[in-house]
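Q:
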Amino acid sequence: MSRRRQPSNQSEAFYAHARLYDLMFPGGGPAVDFYRADADRQGGRVLELGCGTGNKLIPIASGGQPCVGLDLSADMLAEGRRKASERGVAVEWLQGDMRAFDLDRTFDYVFITANSLLHLHEVEDLVSCFRSVRRHLAPGGRFVFDVFNPSVRLLVEADGVRRTRDSLSFVDPDRGDVSVDVAETYDAAAQVTRGTWYLSAGAEPDFVVAPLEIRSIFPQELPLLLSLGGLQLVERFGDWSGLPFAADAPRQLCVCA
Ligand SMILES: C[S@@+](CC[C@H](N)C(=O)[O-])C[C@H]1O[C@@H](n2cnc3c(N)ncnc32)[C@H](O)[C@@H]1O
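If you read the sequence shown in my numbering, its first letter stands for residue 1, the second for the next number, and so on.
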């Protein structure tokens with residue numbers, strides 16, 4: 001189904017811990033509300049690329065829309081499949097690479113959320129992904145994605161020092177309290193933040209040590225990348241509330257056709 005090239009990123013080991021991912025980043029919140037309402041307004045068939053464990057897709061599918069989720073990680077898909085079946089929700093889960101895929105059908109609503117797109121670091125991978133999206137959009141279809149809005153000040157603060165992120169700590173039913181430390185550097189030439197994530201429980205320090213690397217897409221390059229992929233940026237919001245995008249917005253929430 002998909003053309004498997006060089007790994008798109010160094011982050012696959014991170015997503016091998018799907019159950020821990022869900023504990024660290026529990027679903028719900030305004031992103032779910034936004035995509036659920038937006039997909040519902042659009043109607044028809046839905047495709048999520050980089051769907052992970054289905055934190056956005058399962059709520060959309062529970063409303064009755066036919067949903068397909070594509071992800072590179074077998075572990076994330078397995079957890080998504082398990083959760084959907086537990087909730088009695090129908091989702092088609094496909095393992096594939098968003099850089100190049102051919103599902104032999106079109107969709108009315110295609111989306112990529114939670115910075116998943118930023119696992120594509122090379123310009124050619126982003127453009128190839130957008131071309132694949134375009135081929136899968138039904139007439140009148142809508143492509144929506146969100147990526148963070150890079151703050152130069154925050155990027156340069158990535159000094160390689162390991163620090164605890166209190167906001168990410170969680171309770172694992174098997175291990176008890178889990179703390180999360182992250183050490184990051186910013187590779188300005190590649191526009192990639194290279195991180196190492198450390199998960200520790202009382203009796204098990206560093207039971208997970210995994211790299212996680214995400215690109216920055218700067219506001220002025222974003223419409224150009226889309227147009228190289230045959231897509232057009234129709235609207236860009238700065239947050240889930242629909243505020244227009246501005247320099248200090250936390251994210252770029254992009255609506256494309
Ligand atoms: C931050 S998670 C987001 C998961 C889900 N969308 C959510 O909102 O919880 C990023 C996901 O992108 C997937 N991913 C990374 N590179 C990919 C690629 N080239 N093709 C498909 N999926 C990819 C990862 O396996 C992971 O599940």
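Virtual Cβ for every residue (Gly too), placed ideally from N, Cα, C.
(1) Examine ligand 1 and report whether any of its heavy atoms sits within less than 8 Å of the Cβ of Y21.
(2) Return yes when at least one heavy atom of ligand 2 lies under 8 Å from the C-beta of R99, else no.
(3) Consult DSSP for C51 and reduce its assignment to one of helix, strand or coil.
(4) Can T53 and L77 be called in contact, C-beta distance under 9 Å?
(5) According to DSSP, E184 sits in a beta bridge with which residue or residues?
(6) Whose C-alpha, out of C67, D181, G69, V156, is nearest the C-alpha of S167?
(7) Would you check whether ligand 1 has a heavy atom nearer than 8 Å to the C-beta of Y109?
(8) Just to confirm the assignment, what range does the beta strand (DSSP E) spanning V144 have?
(9) Can you tell me which of the three DSSP states A282 falls into?
(10) Given this structure, state the Cα-to-Cα distance separating V171 from G230, to the nearest angstrom.
(11) Using the C-alpha atoms, what's the distance from A138 back to Y198?
(12) Are there 16 or more other CB atoms within 10 angstroms of the CB of S241, so buried, or fewer, so exposed?
(13) Is the closest heavy atom of ligand 1 to the C-beta of E48 under 8 Å?
(14) Regarding A37 and ligand 1, is the C-beta to nearest heavy atom distance less than 8 Å?
(15) Do the region 91-103 and the region 63-72 make contact, defined as three or more Cβ pairs closer than 8 Å?
(16) Give a single yes or no on whether A114 has its beta carbon closer than 8 Å to a heavy atom of ligand 1.
(17) For Y109, which beta-bridge partners are listed by DSSP?
(18) Suppose you measure from the CA of S216 to the CA of G176; what does that come to, to the nearest Å?
(19) Run through DSSP, which three-state label would G230 get?
A: In short:
(1) yes
(2) Among the ligands in the structure shown, ligand 2 does not appear; only ligand 1 can be found there.
(3) coil
(4) yes
(5) G195
(6) D181
(7) no
(8) 137-148
(9) Absent from the model: residue 282. The displayed extent of the chain is 1 to 257, so no value can be given.
(10) 44 Å
(11) 42 Å
(12) exposed
(13) yes
(14) no
(15) yes
(16) yes
(17) V46, R142
(18) 34 Å
(19) coil
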